[in-house]
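One structure is given here, and the rest of the page talks about it.
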Amino acid sequence: MKSLIFVLSLFFVTSTFLSCTKEERVPSSVISEEKMVDILVDVHMVEAMARHNQLKDNNQRANMYYNYILEKHNITLNQLDSSISWYAKHPTTYIRVYDQIIPRLEHSLEMVRTNANTGGQALRTLDIWEKKNEYQLTSLQNSNVPFRIEENSTIRFSLGDEFVLKTKFSCKNVPSSLQLVMQVKIHFTDSTESIFEKKIVTTNPDFEQILRIQPDSKKQIAMISGDLCYLIDKIDNPIPIEIRIFNVEMEQITK
Numbered sequence: 094m095k096s097l098i099f100v101l102s103l104f105f106v107t108s109t110f111l112s113c114t115k116e117e118r119v120p121s122s123v124i125s126e127e128k129m130v131d132i133l134v135d136v137h138m139v140e141a142m143a144r145h146n147q148l149k150d151n152n153q154r155a156n157m158y159y160n161y162i163l164e165k166h167n168i169t170l171n172q173l174d175s176s177i178s179w180y181a182k183h184p185t186t187y188i189r190v191y192d193q194i195i196p197r198l199e200h201s202l203e204m205v206r207t208n209a210n211t212g213g214q215a216l217r218t219l220d221i222w223e224k225k226n227e228y229q230l231t232s233l234q235n236s237n238v239p240f241r242i243e244e245n246s247t248i249r250f251s252l253g254d255e256f257v258l259k260t261k262f263s264c265k266n267v268p269s270s271l272q273l274v275m276q277v278k279i280h281f282t283d284s285t286e287s288i289f290e291k292k293i294v295t296t297n298p299d300f301e302q303i304l305r306i307q308p309d310s311k312k313q314i315a316m317i318s319g320d321l322c323y324l325i326d327k328i329d330n331p332i333p334i335e336i337r338i339f340n341v342e343m344e345q346i347t348k
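Okay, structure coming up:
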């Protein structure tokens, strides 16, 4: 993720020295101003963590947070690189973006200070995946690794909880025409539900698949269900394949 840090640094330095040019609309191929604000707020927060929580001494964990930002906003590093290059060439637009970023960062800082002054607790994270964390599939069906997570002596759901499902895949003989997804279904106590899906876009076993789950913060969660390897297209007969699913985690983030 050094590349991400580098392009951001280049973004700031280049923008400082570029003269003002005629304002242009953001092209459709470039990340929009609104989305760029959200992304850079997250990046600055991670950089602050790196400085104050010593993430810089743990490159693997720092990279995990940067990868999480890309996953959260559904962008690639190349998309971010090219968008940053465009903004760097248009200082007026860049300044307008930062006019929105700075107040949000100041608000976040004030929240941290308030939390500290009132004895508030930091975010609590807990891995609530209590099943085995590796699976071998030799045939593909519509539902392959279903799961349920319910409250127990160690798991409690609270209003505002968020979740991050993480795992890795190694696939062989999977027809390219079939789309596999990680699927999570949040069941609320009012009998409604929300479904979250993440397409499995790579079979590189070194690439961590991440699905971020942000349920309605005003609804109480009753249960979580889902499937680590769900086939969107309906099939009549199982398809012979080789899929290894490993390093499974379900992180609960409680505010």
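94 is the number of the first residue of the sequence shown in the numbering used here; add one for each residue after it.
Just so it is clear, CB atoms sit at the ideal spot from N, CA and C, and this is done for glycine as well.
It should be emphasised that the depicted structure is a prediction, and the values quoted were computed from it without experimental measurement.
Closest in C-alpha terms to serine 287, from the list Arg197, Asn330, Ile336, Met316, comes Met316.
The C-alpha of glutamate 126 is placed about 19 angstroms away from the C-alpha of glutamate 199. Here isoleucine 279 is buried: its Cβ has 16 or more other Cβ atoms, across all protein chains shown, within 10 Å. Between the C-alpha atoms of glutamine 172 and glutamine 313 there is a straight-line separation of about 36 angstroms. Cβ atoms of asparagine 226 and asparagine 340 come within 8 angstroms of each other, at about 6 angstroms.
Counting along the chain, leucine 230 sits inside the beta strand (DSSP E) bounded by residues 227-233. In this model, glutamate 244 and phenylalanine 250 are separated by some 7 angstroms (Cα to Cα).
Nearest Cα to proline 239 within the set Ile248, Glu255, Val274: Val274. Taking the CA atoms as reference points, tryptophan 179 sits about 35 angstroms from serine 270. Annotation for serine 125: no alpha helix (DSSP H) segment contains it, and DSSP assigns it neither H nor E. In this structure, DSSP gives histidine 183 a state outside helix and strand, which the three-state scheme calls coil.
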